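A.B. asks:
2 protein chains.
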Amino acid sequence: MMEEQQQMEQELQNIIGSISPLDEAAMEKARARMDILTKPQGSLGRMEDLAVQLAGINGDFFPVGARKRVVVMAADHGVTEEGISAYPSEVTAQMVANFTGGGAAINVFGRQGEVEVEVVDVGVKVDNNLPGVKRVRVKAGSDNFRRRPAMNRLETLKALMAGIECAREAAGDGIKVLATGEMGIGNTTASSAVMAALSGYETSLVVGRGTGLDDEKLLHKQKVVSEALEMHKPDPKDPIGVLSLVGGLELAALAGLIIGASTHRIPVVIDGFISSTAALAAVKMCPNARYYLVPSHLSAESGHALLMDYLDLQPYIHMGMRLGEGTGAVLAMHLLEAAARVTLEMATFEDARVSNKDEAGEDEKEVGSETKGAEQ
Amino acid sequence: MMEEQQQMEQELQNIIGSISPLDEAAMEKARARMDILTKPQGSLGRMEDLAVQLAGINGDFFPVGARKRVVVMAADHGVTEEGISAYPSEVTAQMVANFTGGGAAINVFGRQGEVEVEVVDVGVKVDNNLPGVKRVRVKAGSDNFRRRPAMNRLETLKALMAGIECAREAAGDGIKVLATGEMGIGNTTASSAVMAALSGYETSLVVGRGTGLDDEKLLHKQKVVSEALEMHKPDPKDPIGVLSLVGGLELAALAGLIIGASTHRIPVVIDGFISSTAALAAVKMCPNARYYLVPSHLSAESGHALLMDYLDLQPYIHMGMRLGEGTGAVLAMHLLEAAARVTLEMATFEDARVSNKDEAGEDEKEVGSETKGAEQ
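For the record, the sequence lines run as chains A and B.
Converting from the first sequence to the numbering used here requires adding 416 to each position, the first position being numbered 1.
Converting from the second sequence to the numbering used here requires adding 416 to each position, the first position being numbered 1.
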């Protein structure tokens, strides 16, 4: 087993080492293209930055109508024993069944946006062995990290590699955009612990109300997280260790998915608090993975804004959502697609015979810039 | 002419008087539906509020795949003579041609979101009489409001009625969602003046850089707006008068479109700074029109955040865009469609056999609420 673990660590390090920064030439080309399109320079704001990032990931202008997939990692959490969530783990399995039936919010948004929904069981307590669920069950839920490590290091590595494998398969299927999704009762608690351990932020800043805990239960949840961190003293320089001690199977699998997406130069749209915690772990393991992250929405879960700041990501959608499943990420894929289309489908000043400052005489020099504003 | 004006004023008042608040019973029904869907109560945040508003507008659950249209009102502004925009009015006509050619950002987003783009010339300086442009040219651009009224009252009424007529035609065509768009060099200046006059905010707070004026030109633009307001002393209680004195043809037409949409119980998605100024004018004329407004994005134009607060609208998309044309509104239609689909396509707890607190025993009472959180 020790040998298996060492092999996996080595394999993971090789994969991480293969991830490179973005293609500067492609980004420069996209930036130049943005400036000759019939709109004010910079007037599409951060959508222009997104278009440039996508080109840098893809090595050329990002294609229109790229095939998209959200990977919903599902797992249970032993820490629910501590009453940090008022509700039992069984709902994780029930919601997995709902995903396969097409009735959850992620299914609705997926159908609307033509985004495939892949559901992965990396450790749901109840094994329903449902058709349509990819089973890579590392174990039947993590252990209660208030009492003992959530997982051992080998289990964490297996979950990470499962996520990397999902990205590899996606690349093989021709998927060009990935998104992170999750389902797991108790996973805001694990995410808060991982975020605190990796970022150094106070527990009180990173533990939120989840589905709506009252003040008393919120304090209890904070206490559980604080005590667990006190007990395990996770080393912030060892993200795999942090995930093992106070994380969860779906968190590790999502971190793997993000690393895998980066390996295959696939942009990965990050959903809310749990997904962003996985992104934090991925970036701590592999700083270059940060280049492949696309933000989506700002969750109502209290630690999310802080986490986005920490990752220097600015969410695009502000709807006060806190559902998880990947719902915010899938909605934001519409904006990503828009960025790709702008790059390839908008007319240039020359195409549309709109005067451009570069080709005009002194007096007309600013005509092109004038189109800088319908809002002029 | 005086008689024509009186008739139009009367007709407008009749239309305004016919606009009613939302259907409370339909809203209650939508709210109840939100609470039995397989998601935490309230976890879709403001998307749930949007779904409830849409039901209230429609008188029942809002349909999936409703036909959508953005109306792009184009006009020129005499105040460009004052050098408030570094660039000439001719670009308005050039961009109208670009719209008909399908090469502008609004065309790209319209194709992506299956939103029809209607281009209306309500007063572009150059009359190119292009196929595909609806011509209701009230006059060839407004007058320079730094020197004289932008329009006379009859012209303003005609532009308002043209907008109302566009909404009536849309309703006849089976359009179920409208969005506001515009093109008009100089129209941030007119919008700032209208916003200041109607809201009472200081000029310095409502005048922005438009396409990116430097400090000196920004101060000049503020001075032009301040002097115009000082000269005309528009009465904030007379929005038609405000539009006549310091507004613009497309602003009046958009205010009309919003009033018309409200008459036909069609939700109208409001784009950026200029569209929001038109919405302010519409709401001042007709407070009930407020119920039909759906926000879209937060523009980078400095007065927009203040204007959204004033209207008590919270924009969904934060991308720092400032392009106008209706681009933010058309992107936000994806979120509106998502709200409609959630209402009609998500499984209920009963459908999906996910335990719900109402049907469970004491111990399981909270199971349903547990599904309140993938982010639990």
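Every residue gets a Cβ at the ideal spot worked out from N, C-alpha and C, and that includes glycine.
Here the structure is a predicted model, which is why all the values come from computation and not from measurement.
Just the C-alpha distance for A/A583 and A/P731, rounded to the nearest angstrom, thanks.
C.D. replies: Indexing the first sequence from 1 puts residue 583 of chain A at position 167. Indexing the first sequence from 1 puts residue 731 of chain A at position 315. The alpha-carbon atoms of A/A583 and A/P731 are separated by roughly 23 Å.
A.B. asks: Using 10 angstroms around the beta-carbon of A/R563, count the other beta-carbons present and answer buried if the total reaches 16, otherwise exposed.
C.D. replies: As a first step, residue 563 of chain A must be located in the first sequence, where it is residue number 147. With fewer than 16 other Cβ atoms within 10 Å, it is exposed.
A.B. asks: Buried or exposed for A/N474, going by 16 or more other Cβ atoms inside 10 Å?
C.D. replies: Residue numbering aside, residue 474 of chain A sits at position 58 when the first sequence is read from its first letter. It counts as buried.
A.B. asks: Could you give the first and the last residue of the continuous alpha helix (DSSP H) run that contains A/D476?
C.D. replies: The residue labelled residue 476 of chain A in the question sits at position 60 within the first sequence. Unbroken run through A/D476: none, as it is neither H nor E.
A.B. asks: Roughly how many angstroms separate the alpha carbons of A/I656 and A/S691, rounded to a whole number?
C.D. replies: Locating residue 656 of chain A in the first sequence gives position 240, where the first residue counts as 1. Locating residue 691 of chain A in the first sequence gives position 275, where the first residue counts as 1. When rounded, the distance between both Cα atoms is 16 Å.
A.B. asks: Between A/P456 and chain B, is there a C-beta pair that is closer than 8 Å?
C.D. replies: Position 40 of the first sequence, counting from 1, holds the residue named residue 456 of chain A. It does; some Cβ of chain B falls within 8 Å.
A.B. asks: Pull up the CB-CB distance for A/A578 and A/G663, whole angstroms please, since I reckon it's below 8 Å.
C.D. replies: For this step, residue 578 of chain A is matched to residue 162 along the first sequence. For this step, residue 663 of chain A is matched to residue 247 along the first sequence. The pair is not a contact, with the Cβ atoms about 14 Å apart (cut-off 8 Å).
A.B. asks: Return no unless some Cβ of chain B is closer than 8 Å to the Cβ of A/P514.
C.D. replies: The residue labelled residue 514 of chain A in the question sits at position 98 within the first sequence. Checking the sequence shown, residue 514 of chain A turns out to be Asn, not Pro. Cβ-Cβ to chain B under 8 Å: yes for A/N514.
A.B. asks: Does A/E753 come within less than 8 Å of chain B when only Cβ atoms are used?
C.D. replies: Looking up residue 753 of chain A in the first sequence gives position 337. Yes, its Cβ sits closer than 8 Å to a Cβ of chain B.
A.B. asks: Taking 8 Å as the CB-CB cut-off, is B/T693 touching chain A?
C.D. replies: For the purposes of this step, residue 693 of chain B is taken as the residue at position 277 of the second sequence. B/T693 does not count as touching chain A.
A.B. asks: Classify A/Q528 as buried or exposed, calling it buried when 16 or more other Cβ atoms lie within 10 Å of its own Cβ.
C.D. replies: For this step, residue 528 of chain A is matched to residue 112 along the first sequence. A/Q528 is buried by the Cβ-count criterion.
A.B. asks: What are the boundary residues of the beta strand (DSSP E) that includes A/M489?
C.D. replies: Sequence index remark: in the first sequence, residue 489 of chain A carries index 73 (1-based). Taken as a continuous stretch (DSSP letters only), the beta strand (DSSP E) holding A/M489 covers 484 to 491.
A.B. asks: How about A/A768 and B/G740: do their beta carbons lie closer than 8 Å?
C.D. replies: Counting from 1 along the first sequence, the entry for residue 768 of chain A is found at position 352. Counting from 1 along the second sequence, the entry for residue 740 of chain B is found at position 324. No, Cβ-Cβ distance for A/A768 and B/G740 is not below 8 Å.
A.B. asks: Take the Cβ of A/L747 as the centre, count every other Cβ of all protein chains shown within 10 Å, and call the residue buried at 16 or more, exposed below.
C.D. replies: As a position in the first sequence, residue 747 of chain A is number 331, starting the count at 1. The residue in question, A/L747, is buried, as its Cβ has 16 or more Cβ neighbours within 10 Å.
A.B. asks: Does the beta-carbon of A/D537 have 16 or more other beta-carbons within 10 angstroms, so that it is buried, or is it exposed?
C.D. replies: Counting from one through the first sequence, the residue named residue 537 of chain A turns up at place 121. With 16 or more other Cβ atoms within 10 Å, it is buried.
A.B. asks: Who are A/A595's beta bridge partners in DSSP?
C.D. replies: As a first step, residue 595 of chain A must be located in the first sequence, where it is residue number 179. A/V486, A/V685.
A.B. asks: For A/K455, count neighbouring Cβ atoms within 10 angstroms of its own Cβ and tell me buried if that reaches 16, exposed if not.
C.D. replies: Residue mapping note: residue 455 of chain A aligns to position 39 of the first sequence, counting from 1. Buried is the call here.
A.B. asks: Within the 8 Å Cβ cut-off, does B/V531 reach chain A?
C.D. replies: For the purposes of this step, residue 531 of chain B is taken as the residue at position 115 of the second sequence. With 8 Å as the cut-off, B/V531 does not count as an interface residue toward chain A.
A.B. asks: Which two residues bound the contiguous beta strand (DSSP E) that contains A/G539?
C.D. replies: Within the first sequence, residue 539 of chain A is the residue found at index 123, counting from 1. That run of the beta strand (DSSP E) goes 531 to 539.
A.B. asks: Look at the alpha carbon of B/F478 and the alpha carbon of B/S434, and state the distance between them as a whole number of angstroms.
C.D. replies: Along the second sequence, read from residue 1 onward, the residue named residue 478 of chain B stands at position 62. Along the second sequence, read from residue 1 onward, the residue named residue 434 of chain B stands at position 18. Each residue's alpha carbon lies about 22 Å from the other.
A.B. asks: Nearest chain B C-beta to A/G777 closer than 8 Å, yes or no?
C.D. replies: The residue labelled residue 777 of chain A in the question sits at position 361 within the first sequence. The predicted position of A/G777 is uncertain, since its pLDDT is 37 and thus under 50; no value can be drawn from it.
A.B. asks: I need the boundaries of the beta strand (DSSP E) containing A/V549, first residue and last residue.
C.D. replies: Taking the first residue of the first sequence as position 1, residue 549 of chain A is located at position 133. Start and end: 549 to 551.
A.B. asks: Please state whether the Cβ-Cβ distance between B/A671 and B/A697 is less than 8 Å.
C.D. replies: By one-based count along the second sequence, residue 671 of chain B stands at place 255. By one-based count along the second sequence, residue 697 of chain B stands at place 281. It is a contact, given that the beta carbons lie within the stated cut-off.
A.B. asks: Based on Cα-Cα distance, which residue from B/V487, B/I686, B/E532, B/E618 lies nearest to B/A745?
C.D. replies: The residue given as residue 745 of chain B occupies position 329 in the second sequence. That would be B/I686, whose Cα lies nearest to the Cα of B/A745.
A.B. asks: For B/E618, count the other beta carbons within 10 Å of its own beta carbon; 16 or more makes it buried, fewer makes it exposed. Which is it?
C.D. replies: For the purposes of this step, residue 618 of chain B is taken as the residue at position 202 of the second sequence. Classification for B/E618: exposed.
A.B. asks: Could you check if A/P683 is buried or exposed, using at least 16 other CB atoms within 10 Å of its CB as the buried criterion?
C.D. replies: Mapped onto the first sequence, residue 683 of chain A falls at position 267. With 16 or more Cβ atoms within 10 Å of its Cβ, A/P683 is classed as buried.
A.B. asks: Could you tell me the boundaries of the alpha helix (DSSP H) in which B/S660 lies?
C.D. replies: Taking the first residue of the second sequence as position 1, residue 660 of chain B is located at position 244. Residues 655 to 662.
A.B. asks: Using the Cβ count rule (16 or more neighbours within 10 Å means buried), how would you classify B/R551?
C.D. replies: Locating residue 551 of chain B in the second sequence gives position 135, where the first residue counts as 1. By the neighbour-count rule (16 or more Cβ atoms within 10 Å), B/R551 is not buried but exposed.
A.B. asks: Does any residue of chain B have a CB that is nearer than 8 Å to the CB of A/R794?
C.D. replies: Outside the shown range of chain A (417 to 792) lies residue 794 of chain A, about which nothing can therefore be said.
A.B. asks: Any Cβ of chain A within less than 8 Å of the Cβ of B/L659?
C.D. replies: Position 243 of the second sequence, counting from 1, holds the residue named residue 659 of chain B. For B/L659, the answer is no, since every Cβ of chain A falls outside 8 Å of its Cβ.
A.B. asks: Hey, would you say the C-beta of A/D589 is under 7 Å away from at least one heavy atom of the ligand MN?
C.D. replies: With respect to the ligand MN, the structure shown offers nothing to examine, as it has no ligands at all.
A.B. asks: Provide the residue span of the alpha helix (DSSP H) that contains B/T679, from first to last.
C.D. replies: Taking the first residue of the second sequence as position 1, residue 679 of chain B is located at position 263. It spans 665 to 679 - the alpha helix (DSSP H) in which B/T679 sits, taken as one unbroken run.
A.B. asks: List the DSSP bridge partners of A/V468.
C.D. replies: Counting from 1 along the first sequence, the entry for residue 468 of chain A is found at position 52. Beta-bridge pairing links A/V468 to no other residue.
A.B. asks: Should B/S712 go down as buried or exposed, given a rule of 16 or more other Cβ atoms within 10 Å for buried?
C.D. replies: The residue given as residue 712 of chain B occupies position 296 in the second sequence. Answer is buried; the Cβ neighbour count reaches 16.
A.B. asks: Using a Cβ-Cβ cut-off of less than 8 Å, give me the residues of the region 623 to 647 of chain A that come near chain B, in sequence order.
C.D. replies: Within the region 623 to 647 of chain A, the qualifying residues are G626, T627, G628.
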